[in-house]
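Q:
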Amino acid sequence: SQELEQSPQSLIVQEGKNLTINCTSSKTLYGLYWYKQKYGEGLIFLMMLQKGGEEKSHEKITAKLDEKKQQSSLHITASQPSHAGIYLCGADKRGYGGSQGNLIFGKGTKLSVKP
Amino acid sequence: SQTIHQWPATLVQPVGSPLSLECTVEGTSNPNLYWYRQAAGRGLQLLFYSVGIGQISSEVPQNLSASRPQDRQFILSSKKLLLSDSGFYLCAWSVSYNEQFFGPGTRLTVL
Chain A
580 SQELEQSPQS
590 LIVQEGKNLT
600 INCTSSKTLY
610 GLYWYKQKYG
620 EGLIFLMMLQ
630 KGGEEKSHEK
640 ITAKLDEKKQ
650 QSSLHITASQ
660 PSHAGIYLCG
670 ADKRGYGGSQ
680 GNLIFGKGTK
690 LSVKP
Chain B
90 SQTIHQWPAT
100 LVQPVGSPLS
110 LECTVEGTSN
120 PNLYWYRQAA
130 GRGLQLLFYS
140 VGIGQISSEV
150 PQNLSASRPQ
160 DRQFILSSKK
170 LLLSDSGFYL
180 CAWSVSYNEQ
190 FFGPGTRLTV
200 L
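Going down the list, the sequences are from chains A and B. My numbering applies: residue 580 is where the first sequence begins, and numbers increase by one. My numbering applies: residue 90 is where the second sequence begins, and numbers increase by one.
1) Which chain B residues sit within Cβ distance under 8 angstroms of Glu620 (chain A)?
2) Using DSSP bridges, identify the partner residues of Tyr125 (chain B).
3) Please tell me whether Leu165 (chain B) has its Cβ less than 8 angstroms away from any Cβ of chain A.
4) Taking 8 angstroms as the cut-off, does the stretch 184-191 of chain B touch the stretch 613-628 of chain A (at least 3 CB pairs, one atom from each stretch)?
5) Can you list the residues of chain B that Asn681 (chain A) reaches, using a CB-CB cut of under 8 angstroms?
6) Mind checking if Leu667 (chain A) is an interface residue toward chain B, Cβ cutoff 8 angstroms exclusive?
7) In chain order, which continuous runs of the beta strand (DSSP E) of length 3 or greater are located wholly inside the stretch 141-194 of chain B?
8) Measuring CB atoms only, is the stretch 635-649 of chain A touching the stretch 108-123 of chain B, in the sense that at least three cross pairs come out at less than 8 angstroms?
9) Hey, does Ser183 (chain B) have any beta-carbon neighbour from chain A nearer than 8 angstroms?
10) Are the stretch 607-615 of chain A and the stretch 94-113 of chain B touching, with three or more C-beta to C-beta distances below 8 angstroms?
11) Just checking, does the stretch 626-638 of chain A make contact with the stretch 678-687 of chain A on the three C-beta pairs under 8 angstroms criterion?
12) Any beta carbon of chain B sitting closer than 8 angstroms to that of Gly685 (chain A)?
13) Do the CB positions of Gly685 (chain A) and Leu583 (chain A) come within less than 8 angstroms of each other?
14) If you count every other CB in all the chains shown that lies within 10 Å of the CB of Lys615 (chain A), and 16 or more means buried, which is it?
15) Can you confirm whether the stretch 121-132 of chain B touches the stretch 170-186 of chain B when touching is taken to mean that 3 or more C-beta pairs between the two stretches lie within less than 8 angstroms?
16) Can you pull the chain B residues whose beta carbon is under 9 angstroms from the beta carbon of Tyr612 (chain A), in chain order?
17) Kindly indicate which residue of A:Leu667, A:Ser658, A:Asn601 and A:Glu594 has the alpha-carbon position closest to the one of Gln650 (chain A).
18) By how many angstroms is the C-alpha of Ile145 (chain B) removed from the C-alpha of Gly595 (chain A)?
The structure is reproduced here in C-alpha cells:
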C-alpha cells in the first residue's frame, strides 16, 4: 500500500474556485513538505510544516498539518491558471524508519484550472 | 542566491551503454545532495544521498551508482543501462535537515 497517499489523484476546477488537496501518511509525521511541479520540470518548494496544528500561507495557498490524523491539506483560494500543475507532498523518512532529512513522496495530484 | 544545475536536460541512450548525469550547486557550502528518479506510475523515489565529499548512501538496490568528487558536485552513473532505467532524474540539495531544493531534471530514455 502507498505510504503517503494523496487525494484526489487529479482535479479540474474552474478559474476562481477554491480547492483542497489532501495528503495522508500511514506513519508518524515528523515533517511534511509541499511541492509544485510543472510537467517535465523540477519541483518548486512551497511550504514545510513541522508541528501539529501548524498552518502556513503563501499568496493564495494555505497548508495545514493535523499531526493526530497524520494528515496535511493544501488549500488554494480563488484558483488561477498559474496554479495548474502537479502538487506533491513529501514526508520526512524518520517516520518510516529512514534517515532524518530524507523524504518519501506521494504520487501527486494533477491540478488543471479552466479559464 | 543558490542555484542548482543539471545536465544534460535530455538523453537518449541504447541499452547496455554507460551513463553519466551531473548535478552542481552554487551559492552554498557543504550541502546535502540527493538523486531522485520519477517514473510513470511510481512517483518520486530517492536513489542516493550524500552528506559530504565521498560519502554516498544508497536507498534502493539498483543498476546505478553515485559519486561526489567535489563539495557541490554530484554524479549519477551506470556502467550498462537497462530499459527500466528510463525516467526523469532529479537532483536536489538541502542545508542540514531542512527543505530540499530541486534542479530542472534530466529526461533519460533508454531504447
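All C-beta atoms in this analysis are idealised placements derived from N, C-alpha and C, irrespective of residue type, glycine included.
A: Based on what the coordinates show:
1) Pro193 and Gly194
2) Partner(s): B:Leu135 and B:Leu179.
3) Interface criterion not met: the Cβ of Leu165 (chain B) is under 8 angstroms from no Cβ in chain A.
4) yes
5) Per Cβ cutoff of 8 angstroms: Tyr123, Leu135, Tyr138 and Glu148.
6) yes
7) 144-147, 154-159, 162-167 and 176-183
8) Of all C-beta pairs linking the stretch 635-649 of chain A to the stretch 108-123 of chain B, fewer than three are shorter than 8 angstroms, placing the two stretches out of contact.
9) yes
10) Contact between the stretch 607-615 of chain A and the stretch 94-113 of chain B is absent, because fewer than three Cβ pairs lie under 8 angstroms.
11) no
12) yes
13) yes
14) buried
15) yes
16) Glu188 and Gln189
17) A:Asn601
18) 46 angstroms
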